[in-house]
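Chains as they are written, first to last, in the working numbering: chain A, 1 to 295; chain B, 296 to 575. Heads up, the beta-carbon is just placed ideally off N, CA and C, and yes, glycines get one too. To start, the structure itself, in structure tokens.
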Amino acid sequence: MFGRGRKIAPYLFISPFFVGYAIFFLYPVIQSLQLSFYRQVGLGKAPRFIGFDNYIRLVSKDDLFIKSLTNTTYYALGSILIIVPLALILALILHSPKLRFREFFRFLYFTPNITAGVVVGIIFNLVFEEQYGLINNLLLAPLGVDNVRWLREARWIMPAIIILGAWKWTGINAIYFMVGLQNIPPELKEAARVDGATRPQVFRHVTLPLLRPILAFVLTIAIIGSYNLFAEPTILVGLEGGPNNAGMTMTMYLYTRGFRELKMGYASAIGYSLAVIILVLSLVQLILIRAFRED
Amino acid sequence: MAMLKRKRIRLGNRDLPFQLVLIAFGIVTFFPLVLVVITSLKSNTQFYHNFWLPELPFQFGNYSSAFRIIWRYIVNSVIYSGSTICLIAAIAAVAGYVFARFNFPFKTVLFLGFITLIMVPGVLTLAPRFVLVRDLGLVNTPFALISVWVSGGLVLSTWLMRSYFESLPQELFDAAYVDGAAEWQVFIYVSVPLARPMIATVAMTTLIATWNDLIWPLVTITDKDKMPLALGVMQFSSDFETDWGTLFAGYVISSIPLLCVFAVAMRQFISGLTSGSIKA
């Protein structure tokens, strides 16, 4: 079957990949771009071309869009500055050769990641509950700190969501880092130790540079994941994002406009803005990581 | 937890602080989940009486009443995610193999073109995808979920498969060609068995992504009987809003399938990740 058709065979065999991809991925991507230049309210109505109006309105007149952008960026920063370093520390400890029950810990830290978003949301309603909740009762009360109104007060909502994010994502990121640590030949570290480097120096000049590819991967996933955040805040504080929309992320906003109010054109414009933000941030991040190369 | 089996704990002094950090982390990670189990065994009176400590007698009846509702969603999710995984594994293995081992015009351009689009967030296409699926008459059918999940997951999976097949040494294939094997035989009898760890990894990532996907089913499946687990649990939450024990028993039941799969397959998953996938 390959003999005569050797030239077309490769195309034939990747065609299922292309067809599925083209119909349900590529086509909607293009369609979405087109839709974002139209005004379409309701599903049956004819769209009307309005050029860049949707985008202009987003940036200049839509406070809720700016709000959701700020909230989402707040979360993304939290995830990059808190969750990723935490995961790295955890991975370094887990990687230590003498550690017992490594498999057990690994599985333990992985469990939040495979718990459904709805369940996570409900669990954290108990964790953040004002009067009886875990954090206020078990952690803050013994320290003499007054009850924090986690989900009722605008300024505490994003920190609460970041805590939830840390709980959910630290483990899997630690596992990615562990994979990276396993790929570093131990001889390199030993050589550095023999040359008189201290533990922190070995980390700074041997481990960290060699972890760069994994770091880039983890950060990219963190950025994409942050800007796609939907299930947990929705369950925790509702689609409107709680008091003063403090917990409304961009995807929640897109969903509200697109599927509650059926403004498909406007929702597509939100989606494209989101895509551009993710693309730019991922690229900037990759360039930064390159700039910090040792050599 | 089988790994805990009666190993004696001996701690070196230097490792003690590290172990403590790990254990503290472990408690923080696991306690909320334990809380769910505790709550699932309470009646409403017990729940309001004491929020976060277990109380006798345990209400095991909560589990049977929750299971009566939840089992349908679990079956649905197994069917939806199962078909998605099979399709993705098959298509990505073939496409990845072809991309890795054949040379044909526009290969790199084609591949890079598709990989770049991996950055596109799923919600971007939510609106047009919904219109497309509705126009095809797929709303409220399994195909609404499977088609979109397959096409969405294919990119990353094909990428992973391709980098895996590229990393296999040429000699493995040469031996088979010398023995007179046809290309498809090389693929089925040599490449696929070798790629098992990576196929497992692809299956796992697909499983997590589809099993817990909420937003797409929320848009396309409104028929209660056809909801996948993630959405069904949400429906279940509003149906049982006041019956805390049953509600949480439902949550426990809904978490069990993935926990089991991962307890068994964690090692395969990690080994797939280690074998050069992320380096690509």
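Decide yes or no for the touch test of the region 494 to 511 of chain B against the region 395 to 406 of chain B: beta carbon pairs closer than 8 Å, at least 3 of them. no
Local Cβ density within 10 Å of K263/A, reported as buried at 16 or more and exposed below that: Taking the first sequence and counting its residues from 1, one reaches residue 263/A at position 263. The residue is buried, with at least 16 neighbouring Cβ atoms inside 10 Å.
Among the residues of its own chain, which have a CB less than 6 Å from the CB of I50/A, if the five just before and after it don't count? Stepping through the first sequence from its first residue, residue 50/A is reached at position 50. Here the set comprises R39.
For F107/A and N54/A, what's the separation of their Cα atoms in angstroms? Reading the first sequence from its first residue, position 107 is the one you call residue 107/A. Reading the first sequence from its first residue, position 54 is the one you call residue 54/A. Roughly 46 Å between the two C-alpha positions.
Can you tell me the Cα-Cα spacing of T234/A and Y472/B, whole angstroms? The residue you call residue 234/A lines up with position 234 of the first sequence. The residue you call residue 472/B lines up with position 177 of the second sequence. Straight-line Cα distance between these residues: approximately 55 Å.
Counting only the same chain and skipping the five closest in sequence on each side, list residues whose C-beta sits under 8 Å from that of N435/B. Walking along the second sequence from the start, residue 435/B turns up at place 140. Here the set comprises T515, I516, T517, D518, K521.
Once DSSP output is grouped into helix, strand and coil, what is the label at V434/B? The count along the second sequence starts at 1 and reaches residue 434/B at position 139. Coil, per DSSP.
Could you tell me whether the Cβ atoms of I548/B and Y375/B are closer together than 8 Å? For the purposes of this step, residue 548/B is taken as the residue at position 253 of the second sequence. For the purposes of this step, residue 375/B is taken as the residue at position 80 of the second sequence. It is not a contact, given that the beta carbons lie outside the stated cut-off.
Enumerate in chain order the residues of its own chain whose CB-to-CB distance from F2/A is below 6 Å, with the five nearest sequence positions on each side excluded. The count along the first sequence starts at 1 and reaches residue 2/A at position 2. The predicted model places F2/A with a pLDDT of 47, which falls under 50 and marks its position as unreliable; any figure quoted below should be read in that light. Correct list, in chain order: A9.
Which whole-angstrom value describes the C-beta separation of G545/B and I364/B, a residue pair presumed to lie in contact below a C-beta threshold of 8 Å? One-based indexing of the second sequence puts residue 545/B at position 250. One-based indexing of the second sequence puts residue 364/B at position 69. Indeed, because the Cβ distance is near 7 Å, the residues count as touching under 8 Å.
Taking a contact to mean a Cβ-Cβ separation below 8 Å, would you say A269/A touches G117/A in this structure? On the first sequence, residue 269/A is found 269 positions in, with the first residue counted as 1. On the first sequence, residue 117/A is found 117 positions in, with the first residue counted as 1. The answer is no: Cβ separation not under 8 Å.
Less than 8 Å between CB atoms is the rule here; does L455/B satisfy it with respect to chain A? Against the second sequence, residue 455/B aligns to sequence position 160. Not closer than 8 Å to any Cβ of chain A, the Cβ of L455/B fails to qualify, so no.
Using 8 Å as the cut-off, can you tell me whether the region 419 to 438 of chain B makes contact with the region 23 to 36 of chain A, which would need three or more C-beta pairs spanning the two stretches below that distance? yes
State buried or exposed for G307/B, treating a residue as buried only when at least 16 other CB atoms are found within 10 Å of its CB. Here the question's residue 307/B lines up with position 12 in the second sequence. Because the pLDDT of G307/B is 48, which lies under 50, any placement of that residue in the model is unreliable, and the number read from its coordinates should be weighed accordingly. With fewer than 16 other Cβ atoms within 10 Å, it is exposed.
For F362/B, go through chain A and note every residue whose CB falls closer than 8 Å to its CB, in chain order. For the purposes of this step, residue 362/B is taken as residue 67 along the second sequence, with counting starting at 1. In chain order: nothing, as chain A lies at least about 16 Å away.
Can you confirm whether I80/A, when its beta carbon is compared against all beta carbons of chain B, has any partner nearer than 8 Å? Along the first sequence, read from residue 1 onward, the residue named residue 80/A stands at position 80. For I80/A, the answer is no, since every Cβ of chain B falls outside 8 Å of its Cβ.
Cβ pair I83/A, A222/A closer than 8 Å: In the first sequence, counting from the first residue as 1, residue 83/A sits at position 83. In the first sequence, counting from the first residue as 1, residue 222/A sits at position 222. Contact: yes.
Give the secondary structure of D295/A by DSSP, where H, G and I count as helix, E and B as strand, and everything else as coil. Here residue 295/A corresponds to residue number 295 of the first sequence, with the count starting at 1. In this predicted model, D295/A has a pLDDT of only 49, less than 50, meaning its place in the structure is not dependable; the value taken from the coordinates is given anyway. Three-state DSSP puts D295/A in coil, outside helix and strand.
Just the C-alpha distance for D62/A and L274/A, rounded to the nearest angstrom, thanks. For the purposes of this step, residue 62/A is taken as the residue at position 62 of the first sequence. For the purposes of this step, residue 274/A is taken as the residue at position 274 of the first sequence. If you take the alpha carbons of D62/A and L274/A, they lie about 15 Å apart.
Three Cβ pairs or more, each shorter than 8 Å: is that satisfied between the region 123 to 133 of chain A and the region 211 to 222 of chain A? no
Hey, which unbroken runs of the alpha helix (DSSP H) at 4 residues or more fall wholly within the region 391 to 432 of chain B? 402 to 411, 421 to 430
Any beta carbon of chain B sitting closer than 8 Å to that of M307/A? Missing from the structure shown is residue 307/A; chain A here goes from 1 to 295 and no further.
C-beta atoms of M158/A and G225/A nearer than 8 Å: Against the first sequence, residue 158/A aligns to sequence position 158. Against the first sequence, residue 225/A aligns to sequence position 225. Going by C-beta atoms, M158/A is not nearer than 8 Å to G225/A.
To the nearest angstrom, how far is it from the Cα of G447/B to the Cα of N398/B? In the second sequence, residue 447/B corresponds to position 152, counting from 1. In the second sequence, residue 398/B corresponds to position 103, counting from 1. Their Cα atoms are separated by approximately 25 Å.
Do N339/B and D534/B have their C-beta atoms within less than 8 Å of each other? Locating residue 339/B in the second sequence gives position 44, where the first residue counts as 1. Locating residue 534/B in the second sequence gives position 239, where the first residue counts as 1. Contact flag unset, no.
Nearest residue (CA-CA) to S442/B, options Q354/B, L330/B, P512/B: Along the second sequence, one-based indexing puts residue 442/B at 147. When each option's Cα is compared against that of S442/B, the closest is P512/B.
Express the C-alpha separation of R429/B and R48/A in angstroms, rounding to a whole number. Residue mapping note: residue 48/A aligns to position 48 of the first sequence, counting from 1. Residue mapping note: residue 429/B aligns to position 134 of the second sequence, counting from 1. Those two C-alpha atoms are separated by around 21 Å.
Could you tell me if G242/A is buried or exposed, where buried requires 16 or more neighbouring beta carbons within 10 angstroms of its beta carbon? As a first step, residue 242/A must be located in the first sequence, where it is residue number 242. Flag for G242/A reads buried.
Using 8 Å as the cut-off, can you tell me whether the region 62 to 78 of chain A makes contact with the region 162 to 181 of chain A, which would need three or more C-beta pairs spanning the two stretches below that distance? yes
For N136/A versus V120/A, is the C-beta distance shorter than 8 Å? Here residue 136/A is taken as the residue at index 136 of the first sequence, counted from 1. Here residue 120/A is taken as the residue at index 120 of the first sequence, counted from 1. Not closer than 8 Å, so no.
Under 9 Å by beta carbon: chain B residues contacting N173/A: In the first sequence, the residue the question calls residue 173/A occupies position 173. Residues of chain B passing the Cβ test: none, with the nearest at roughly 12 Å.
F259/A to I410/B, Cα distance in whole Å? Position 259 of the first sequence holds residue 259/A. Position 115 of the second sequence holds residue 410/B. Each residue's Cα considered, the two are about 29 Å apart.
Taking the continuous alpha helix (DSSP H) assigned at E232/A, which residues delimit it? As a working mapping, residue 232/A is identified with position 232 in the first sequence. Looking at the DSSP string, the run of the alpha helix (DSSP H) that includes E232/A is 231 to 237.
One or two residues paired with K263/A in a DSSP bridge: As a working mapping, residue 263/A is identified with position 263 in the first sequence. Partner(s): V41/A.
Report the option in L542/B, A558/B, C555/B, L328/B whose CA atom is closest to the CA atom of F362/B. For the purposes of this step, residue 362/B is identified with residue 67 of the second sequence, where counting begins at 1. Taking only the C-alpha atoms, the option nearest F362/B is L542/B.
At a CB distance below 8 Å, what residues from the region 308 to 330 of chain B approach chain D? Give them in sequence order. No chain D is present in this structure, whose protein chains are A and B.
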